[in-house]
Each structure stands twice: as C-alpha cells, then as structure tokens.
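Here is the structure we will look at.
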Amino acid sequence: MGRSLKRVIAVTMVTCIVFLPEVFAQNVDQADNGTSLCSRPALFDCPGGARQTLRDRGVNIDARLTQFSQGVLDGDGSKSWQYGGKGDLIVNLDMSKLGLWRGFSVNVHQEWIYGEDANNPGNGELFPFNTALAYPRLGGSDSETALTLRQQFGDSTSLSFGKFNMLSVAAKKPLAGGGGLDTFMNIGLAAPISGVTPPYLFGFIGVHKIENAAFTLMVYDPRNSQDQEVIKNPFSEGTTTSISATFPVKVADNKGFYSVRGVYSSKSGFDLNLIPALLDIPPESESLLAKKGYWYLSAAAQQYLYHTPGNPDAGWGLFLEAAASDGNPNPLKWHFLVGLGGQGLHPGRPQDRWGVGYFKYGLSKKLVDGLATIGNTIPFDPSFFIRDEQGVEIFYNLHVTPWLRITADLQRVKPHEQGRPDVTVGAVRAQIRF
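Here the sequence shown stands for residues 128 to 561, numbered as in this note's numbering.
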C-alpha cells in the first residue's frame, strides 16, 4: 500500500510544486480575468492561450491523467496495493469551422493504461473493482481508440456513426455513472453491466428531442469492437437494436430524469439450459448448443433533491436503476442499484463530488444450476458454485482546483463465489486535466 500510494502522491505533488508557484506570481487583475492557474479549467488552458485559439478554430482538446492506488483491506486474495493509471486524450473537431458543412463533427478518444490494477486479487469477485483500469485491458490491450462521426440536424436531432467508447457515454450521467474516472469505481455502479451492450460499440446512435422527452435509437454489432473482426465484417453474427426514452420531470422545483430502455439482439449465444451437456459432448459439436436471440429491459431515475444556489445544473440527489433480461443466453438475469450522489454536500465545497451506492446483480438460475451440476461431478472447485453478487461503495472527490481532483473510495462486496467471504477494497485516485 505504502509504495503505490506514494507514487500517486509524488506525481500529484510534483505537478503542484512545478506549477502552483505561478499562482502567487499572478497579480489581482489577472486573477479577476480568469487567468489564475487555480481558476483554469485545465492546467494549460487559459483565456487567449493556444487551447482557446484551437477551440475558436474548431479543435477542442481534453487531456487527462488519472492515477490509482487500490488494494484489498479485508477478505480473500492478495492484500498488496496496486498502482496504475489511465491517460485519456479526447479531440473533438467542429468540421463547420474547419471548412465543411454545418452540424458535422468528428470525435476521437484515445486511451492508454499503465501499471497494475486490483481487479483480480483472487477473492472471487465477478465485477471489476476498478472500471477505468478494467477497460480496455479486459479486451486484451492496454490502449484503444474510439472514432465517431456525428451530424446534427437542427437543434433536436443527431445521428452518430463509428466506434463508441461506452464508458464515456456512462460518464455523462449527472448523478450516477462516471465511467470510473470521476465518481464510483466499481463497474456495478460506474457503468452498469447489461450483458447486451459491449464496452466498445460499433454502429449507429440516433437521438431525437422534443419538448418533454428525448428518444435514442441504437443499432450496433453485438460484439466488442476491440476485436478488429467487428470492424472488418460488421454485423456478421447478428444485430442489436436498442430503443430508449428519457423524460425530464421536476419534483418540488428540482430536476429529474426518468428513462426506460428495451433491447433485442439476433446474435446467438450458448444455451445455458445445456451446460451439463458439456460433460459429454465433443468440442466440435458445441455449436449445436447455441440459442439465438436475447432481450433486455430497464428503467432508471435520477432525481435531484438539492440544487447548488445559482446553478440549476449542479447539486445532489437520488439515482436508481432496475433491469431484467431473458437470462438465457444472457448470464445476467436482473440487476438493481440505488444511491445518493452529486455535488455540493457541504455548502462551502460546491465543486466536490460524493456518492454512496448499493448494487446487486442476479445471475441466471440456469447458469447457477448448470455449473453446480458440473461442480458436483468433478473434484471440488469453488468457481463452479456461484451466487448473486452485491456490494456497497462510498467515495468523496475533493475539488482542489478545476484541473486537480483527489478521491478517497471504499467498497464492500459479497463475491459471486459462494465460499468466499466479503471483501473490503480501498482506493485513492488523483486526476489531473491538462
């Protein structure tokens, strides 16, 4: 724990030592004009600077480095803390300012991972404790590029095409989500798992807004587009269609967002009813055990209970989500999550972010029973005896400057392996926006 935590502190302190003296060299007039280092939205972003010039010409750049020190405090598995980090470079090109037609834009998101993570310490957990460092690593790579093209039609309709980083989509939720970089770390809360949407998606997303609702249509390849085969031969194994509607609602003058979603895919998956047959069937015949098609339904709410004075888009509130699927071939039958979170828990700290949440994911009974059947016929292996996974997480994200945030995080998880004790995981996270 000591060494990895010191790395986070060291990198953060070096940044502060190098750049914070500039704060005291600025005169009052400069600070009033927003050029003070502590008031910049990013470390190298100031009025009249190069970043502002690029934005005026249609090139918007967001670069950040997020460091983690995380480890198991209680439960099975390794107790050594791990140090790792993630770099994100996001470039958005407003093509109308660059000489093309109005409403057309291009977005590129490049991400890199370095170091170690605490996602597989050997304690029987199903879902990653650290979402940000789980992806793209779980797909076999420590770097990944997402590229999307977007056409805006007036103020109400847009159509996007390309390879989407779905953690970035999850990060835009006002109360929950965060993509593991700003708020919750456990993927059960940071980017809820559905079993029907891959972390990197190749396809189309259309959005249409009316006065009291926003509708989203997604048509995409059901496979993870980290696999180059998805880009070379899209939709060769089926198509997934998702339709959702979000309704803005005010309760006691506080904003709220309520949504429903339905998904159907034509992709084939392993028929979980036939898991016991794996004991006898030859490997070349496993394709006969496929089941075609699956569905998924969800409902979610994000309701503000408090708004920061003078800022109706900031505050804190309640979030919840409930979902169900066919449970075959989807190994997840249902999930439920609920919590409180947002900004400004203390009036004197309006930019700090905080949250506390609970999640539970129900595994398909066909999967649970099938694995138990196999487990009872072979030498004992605890991984064949599973249950639902649930946990709680609490975090506090300290706003040091607009470009520097430090987070403390604590999780308590009941792993999906039946014989495993509950696990407590702690973490410190530091993020610098350049």
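Each residue gets a CB set at the ideal place from its N, CA and C atoms; glycine is no exception.
Go ahead and pull the three-state DSSP assignment for Gln157. In the sequence shown, residue 157 corresponds to position 30, counting from 1. Summary for Gln157: the model assigns pLDDT 40, below 50, so the residue's position carries little reliability; its value from the coordinates is reported in the next sentence. Gln157 falls in the helix class under three-state DSSP.
Over what stretch of residues does the beta strand (DSSP E) that includes Ile358 continue unbroken? If you number the sequence shown from 1, residue 358 lands on position 231. Per DSSP, Ile358 belongs to no beta strand (DSSP E); it is in the alpha helix (DSSP H), 355-359.
What would DSSP say about Phe374, mapped onto helix, strand or coil? On the sequence shown, residue 374 is found 247 positions in, with the first residue counted as 1. The answer is strand: DSSP assigns Phe374 an E or B state.
Mind the definition here: the stretch 352-367 touches the stretch 322-334 only if three or more C-beta pairs lie below 8 Å; say whether that holds. yes
Just to check my reading of the structure: Asn457 and Tyr421 have Cβ atoms closer than 8 Å, yes? What is that Cβ distance to the nearest angstrom? The residue labelled residue 457 in the question sits at position 330 within the sequence shown. The residue labelled residue 421 in the question sits at position 294 within the sequence shown. Here Asn457 really is in contact with Tyr421; their C-beta atoms are around 5 Å apart, less than 8 Å.
Specify the secondary structure class of Asp221 as computed by DSSP and reduced to three states. On the sequence shown, residue 221 is found 94 positions in, with the first residue counted as 1. Asp221: strand per DSSP, three-state reduction.
Inside the stretch 491-548 only - beta strand (DSSP E) runs reaching at least 3 residues: Fully enclosed beta strand (DSSP E) runs of 3 or longer: 516-528, 531-541.
Buried or exposed for Ile358, going by 16 or more other Cβ atoms inside 10 Å? Position 231 of the sequence shown, counted from the first residue, corresponds to residue 358. With fewer than 16 Cβ atoms within 10 Å of its Cβ, Ile358 is classed as exposed.
Below 8 Å on the Cβ atoms is my contact criterion, and I expect Phe384 with Ala340 to pass it. Report the Cβ-Cβ distance as a whole number of Å. Residue numbering aside, residue 384 sits at position 257 when the sequence shown is read from its first letter. Residue numbering aside, residue 340 sits at position 213 when the sequence shown is read from its first letter. Incorrect: roughly 11 Å between the Cβ atoms, too far for contact.
Looking only at C-alpha atoms, which of Val235, Leu344, Asp380, Phe329 sits nearest to Ser363? As a working mapping, residue 363 is identified with position 236 in the sequence shown. For the residues Val235, Leu344, Asp380, Phe329, the minimum Cα distance to Ser363 belongs to Phe329.
Exposed or buried, Asp172, counting other C-beta atoms within 10 Å across all chains shown (16 or more means buried)? Position 45 of the sequence shown, counted from the first residue, corresponds to residue 172. Under this definition Asp172 is a buried residue.
At a cut of 8 Å, does the stretch 177-186 reach the stretch 219-235 through at least three beta carbon pairs? yes
Beta-carbon proximity list for Gly307, same chain, < 6 Å, skipping 5 on both sides: The residue you call residue 307 lines up with position 180 of the sequence shown. Within the same chain, Gly307 has close Cβ partners Thr258, Ala259, Ala317.
Per DSSP, what kind of secondary structure is Ala317 in: helix, strand or coil? Taking the first residue of the sequence shown as 1, we reach residue 317 at position 190. Of the three classes helix, strand and coil, the one that applies to Ala317 here is helix, per DSSP.
In this structure, does DSSP put Ser295 in helix, strand or coil? The residue you call residue 295 lines up with position 168 of the sequence shown. DSSP places Ser295 in the helix class (H, G or I) of the three-state scheme.
Go through the stretch 214-279 residue by residue and report every complete run of the beta strand (DSSP E) that reaches 3 residues or more, in order. 231-242
Please report the residue range of the beta strand (DSSP E) in which Ala169 lies. The residue you call residue 169 lines up with position 42 of the sequence shown. Note, Ala169: premise wrong, no beta strand (DSSP E); not H, not E.
Glu356: buried (16+ other C-beta within 10 angstroms of its C-beta) or exposed? Start at 1 with the first residue of the sequence shown, and residue 356 comes out as number 229. With fewer than 16 other Cβ atoms within 10 Å, it is exposed.
Closer than 8 Å by C-beta to Lys493: which residues in its own chain qualify, once you throw out the five before and the five after it? Chain order, please. Within the sequence shown, numbered from 1, the residue matching residue 493 stands at position 366. Excluding residues within five positions, the ones whose Cβ falls inside 8 Å are Leu399, Asn400, Ile402, Gly454, Asn455.
In angstroms, rounded to a whole number, what distance separates the CA positions of Pro474 and Phe446? Here residue 474 corresponds to residue number 347 of the sequence shown, with the count starting at 1. Here residue 446 corresponds to residue number 319 of the sequence shown, with the count starting at 1. Computed Cα separation, rounded: 21 Å.
Could you please give the first and the last residue of the uninterrupted beta strand (DSSP E) stretch that includes Gln194? Locating residue 194 in the sequence shown gives position 67, counting from the first residue. First-last of the beta strand (DSSP E) with Gln194: 186-201.
Could you name the residues of the same chain whose beta carbon sits closer than 7 Å to that of Gly161, not counting the 5 residues immediately before and after it, in chain order? As a position in the sequence shown, residue 161 is number 34, starting the count at 1. Below a pLDDT of 50, predicted positions are generally treated as unreliable, and Gly161, at 49, falls in that range; the measurement from the model is reported next regardless. Cβ within range, chain order: Pro174.
Three-way DSSP call (helix, strand, coil) for Pro148 in this model: Working through the sequence shown from its first residue, we reach residue 148 at position 21. With a pLDDT of only 44 at Pro148, under 50, the local geometry of the prediction cannot be trusted, and no value is derived from it.
What span of residues does the alpha helix (DSSP H) with Leu181 cover, start to end? Here the question's residue 181 lines up with position 54 in the sequence shown. It spans 177-183 - the alpha helix (DSSP H) in which Leu181 sits, taken as one unbroken run.
When Gly518, Asp407, Ala427, Thr551 are compared against Lys300, the one with the closest alpha-carbon: In the sequence shown, counting from the first residue as 1, residue 300 sits at position 173. Checking every option, the nearest Cα to that of Lys300 belongs to Ala427.
Determine the closest residue to Gly471 out of Asn524, Asp203, Ile332, Ser166, with distance taken between C-alpha atoms. Counting from one through the sequence shown, the residue named residue 471 turns up at place 344. Checking every option, the nearest Cα to that of Gly471 belongs to Asn524.
In the DSSP output, what is His335 paired with across the bridge? Locating residue 335 in the sequence shown gives position 208, where the first residue counts as 1. Looking at the DSSP assignment, His335 forms a beta bridge with Thr284, Phe342.
Quick test of the definition: if touching needs 3 or more C-beta pairs under 8 Å, does the stretch 476-485 touch the stretch 495-514? no
Backbone CA spacing between Leu424 and Ala450 [nearest angstrom]: As a working mapping, residue 424 is identified with position 297 in the sequence shown. As a working mapping, residue 450 is identified with position 323 in the sequence shown. About 6 Å.
DSSP-derived helix/strand/coil call for Asn438: Within the sequence shown, numbered from 1, the residue matching residue 438 stands at position 311. Looking at Asn438 - three-state DSSP - the assignment turns out to be strand.
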